[in-house]
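Numbering (numbering that gives the first Met the number 0), first residue to last: 0 to 201.
By construction, the Cβ of each residue, glycine as well, lies at the ideal position given by its N, Cα and C atoms.
Quick caveat: nothing in here was measured; it's all calculated off a predicted structure.
Here the structure is laid out as structure tokens; the discussion comes afterwards.
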Amino acid sequence: MMNRGTAIILIFLVISAVLLWFAPAEQTLGQWIKLIYFHGTLSYAGLYAFYAAALLGLAYLVSSHTPLGLWSWEIGLWAVVVWFVSVALSLVSMQVVWGGLFWAEPRTIAAITMLVLGVGKEAIASGGSLKLKSGANIAFAAAVLLIRRNMGMVMHPDNPIGASDSVAVKVFPLLLLILTIVTIIEFSRWRLSQSSNKGMVR
0 MMNRGTAIIL IFLVISAVLL WFAPAEQTLG QWIKLIYFHG TLSYAGLYAF
50 YAAALLGLAY LVSSHTPLGL WSWEIGLWAV VVWFVSVALS LVSMQVVWGG
100 LFWAEPRTIA AITMLVLGVG KEAIASGGSL KLKSGANIAF AAAVLLIRRN
150 MGMVMHPDNP IGASDSVAVK VFPLLLLILT IVTIIEFSRW RLSQSSNKGM
200 VR
């Protein structure tokens, strides 16, 4: 029997596929624009999840309310997973749109740096206390803010979806973003319930 976690992922993939199927193509890139939609959606979902994990971690450190610390760690973990997929899609998008991988592009450097830091955060804090995990999420989010504040652009457009005059071009990525955030929350909820049932919550 399929467990709830697998069902959540499958539902996310099916609904995402349907939304991307109906999303509008673009005159220059054609159907490939849908890859950009998905990459951009995952990027923003990952960023929002990084910040949410940090806020939850801060709330835990202030209140010592255990569920806040547990939610901070779960959200932070799956935010890194989402970011990894986003970075992978960005490289595919770069190859398709620009005809090659431009490693010197500032946004590419920033994205990969954030991924390395995120994986490092997970490796260092995974076996530690909730205070360490929450502190790691706060420090990581601060690093993300600093990196994004100082990154430049060479070829990467600045928010091409938000700058579009097409309502559909804005609506479909927004729906994908909401879907991705809900999926992160529900998957984290399921994981926490599994840990609680096994007596692993501490």
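Below 8 Å CB to CB, which residues in the same chain sit around residue i once its five sequence neighbours on both sides are set aside?
i, result
"Ser112", "For the sequence presented, residue 112 should be read as Thr rather than Ser. The residues are Ile146."
"Glu185", "Ile7"
"Gln94", "Leu100"
"Leu18", "Phe171, Leu174, Leu175, Leu178"
"Ile183", "Ala44, Ala48, Ile74, Trp77, Ala78, Val81"
"His64", "Ala58"
Going by DSSP, what residue range makes up the alpha helix (DSSP H) through residue i?
i, result
"Gly45", "32-62"
"Ser92", "65-97"
Nearer than 7 Å: is that true of the beta carbon of residue i relative to any heavy atom of the ligand FAD?
i, result
"Ala16", "Annotation note on the ligand FAD: not contained in the displayed structure, which lists no ligands."
Does residue i come out as helix, strand or coil in the three-state DSSP assignment?
i, result
"Pro23", "coil"
"Glu104", "coil"
"Met150", "coil"
"Gly117", "helix"
"Gly126", "coil"
"Asn2", "coil"
"Leu18", "helix"
"Val200", "Residue placement at Val200 is flagged as unreliable, the pLDDT there being 46, under the threshold of 50; the coordinate-derived value follows with that caveat. It is coil, neither helix nor strand."
"Ser195", "helix"
Please go through the same chain and pick out, in chain order, the residues whose beta-carbon is closer than 6 Å to the beta-carbon of residue i, but skip the five residues on each side of it.
i, result
"Trp70", "Leu55"
"Trp189", "Arg3, Gly4"
"Val200", "Model confidence at Val200 stands at a pLDDT of 46, short of 50, so the residue's coordinates are unreliable; what they give is reported in the following sentence. Contacts found: Ser194."
"Ala53", "Asn136, Ile137, Ala140"
If residue i sits next to residue j, beta carbons under 8 Å apart, how far is it from one beta carbon to the other, in whole angstroms?
i, j, result
"Ala110", "Ser89", "6 Å"
"Tyr59", "Gly68", "4 Å"
"Ala124", "Leu131", "5 Å"
"Leu116", "Val86", "That pair is no contact at about 12 Å."
"Leu41", "Val84", "6 Å"
"Ile180", "Leu57", "Going by Cβ atoms, the distance from Ile180 to Leu57 rounds to 20 Å, so no, they are not a contact pair."
"Lys120", "Ala135", "5 Å"
"Leu9", "Trp72", "Not confirmed; about 24 Å, so no contact."
Give me, in chain order, the residues of the same chain whose beta-carbon lies closer than 7 Å to that of residue i; leave out the 5 immediate sequence neighbours on both sides.
i, result
"Tyr50", "Ala140"
"Lys33", "Leu19, Ala22"
"His38", "Ser85, Leu88, Ser89, Ser92"
"Gly98", "none"
With 8 Å set as the bound, which would you pick, yes or no: does the beta-carbon of residue i sit closer than that to a beta-carbon of chain B?
i, result
"Ser133", "Of the protein chains in the structure, only one exists, and it is not chain B."
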